[in-house]
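One structure is given below, encoded as structure tokens.
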Amino acid sequence: MRGTLNDQSLIYLQIAAMIEDDILRGVYREEEQVPSTNELARVYNINPATAGKGLNLLAGEGILYKRRGLGMFVSPGAAEKVKDKRRAAFVQRYVAPMVREGQSLGLSRGELLALVEKAMEEGADK
């Protein structure tokens, strides 16, 4: 488990996001165990209840599941669930506001798509 905590968002959300990142990077594969609440608490110097809240959030979303007496494990299809969740957040946070702003500027669909393509080409050069 890598990463550092910051003051930008709630700690349990950061813990959940770090585990999601590790699932996407293949650090934790399907059916593999993730760190326990006590391990997370020790590594990040946080309350075990806070770490547990992050793990339980992911369990509630079907990304992790609990094996009684053993801990939390990565659910089958977890990486795809994380990608789907993050795509939806990306649309809500970035794409929808961009489309609204483009509409307020009177841009056509084609003009807006052309601007996105241009930005992607310029981003690919960096």
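For the sequence shown, counting from 1, position 122 maps to 122 in the UniProt record's numbering; every step adds exactly one.
The beta carbon of each residue, even a glycine, is placed where N, CA and C say it ideally should be.
Owing to the predicted nature of the structure, the values given are computational and were not obtained by experimental measurement.
With distance defined between alpha-carbon atoms, name the residue in the options nearest to residue i.
| i | options | result |
| --- | --- | --- |
| I63 | A16, A114, A49, N38 | A16 |
| Q69 | E61, A88, Q33 | It should be noted that the sequence gives Gly, not Gln, for residue 69. G69 has its Cα closest to that of Q33, out of E61, A88, Q33. |
| M72 | E39, D7, V116, R93 | E39 |
| D21 | Q8, D7, Y65, K85 | K85 |
Does the Cβ of residue i have 16 or more other Cβ atoms within 10 Å, making it buried, or fewer, making it exposed?
| i | result |
| --- | --- |
| Q14 | buried |
| A51 | buried |
| L105 | exposed |
| Y94 | exposed |
So, for residue i: in the same chain, excluding its five sequence neighbours on each side, which residues have a beta-carbon less than 6 Å away from its beta-carbon?
| i | result |
| --- | --- |
| E30 | V74, P76 |
| A78 | I23, I63 |
Would you mind giving the Cβ-Cβ distance between residue i and residue j, rounded to the nearest angstrom? I have them listed as a contact below 8 Å.
| i | j | result |
| --- | --- | --- |
| M11 | I46 | Inspection of the sequence shows that residue 11 is occupied by Ile rather than by Met. Confirmed, Cβ separation roughly 6 Å. |
| A41 | P48 | 4 Å |
| Q61 | K81 | Checking the sequence, you will find Glu at residue 61 rather than Gln. Confirmed, about 7 Å. |
Using a Cβ-Cβ cut-off of 7 Å (strictly less than) and excluding sequence neighbours within five positions of residue i, which residues of its own chain qualify?
| i | result |
| --- | --- |
| Y44 | L5 |
| T37 | P48, A51, G52, L55 |
| I102 | Looking at the sequence itself, residue 102 is Gly, so the reference to Ile does not match. If we look at G102 and ignore the five residues flanking it on each side, its Cβ neighbours are L112. |
| R67 | F73 |
Near residue i, what residues of its chain come up, given a Cβ to Cβ distance below 8 Å and the 5 sequence neighbours on each side ignored?
| i | result |
| --- | --- |
| L57 | Y12, L13, A16 |
message: Three Cβ pairs or more, each shorter than 8 Å: is that satisfied between the segment 95 to 115 and the segment 38 to 57?
response: With the cut-off at 8 Å, the segment 95 to 115 and the segment 38 to 57 do not touch.
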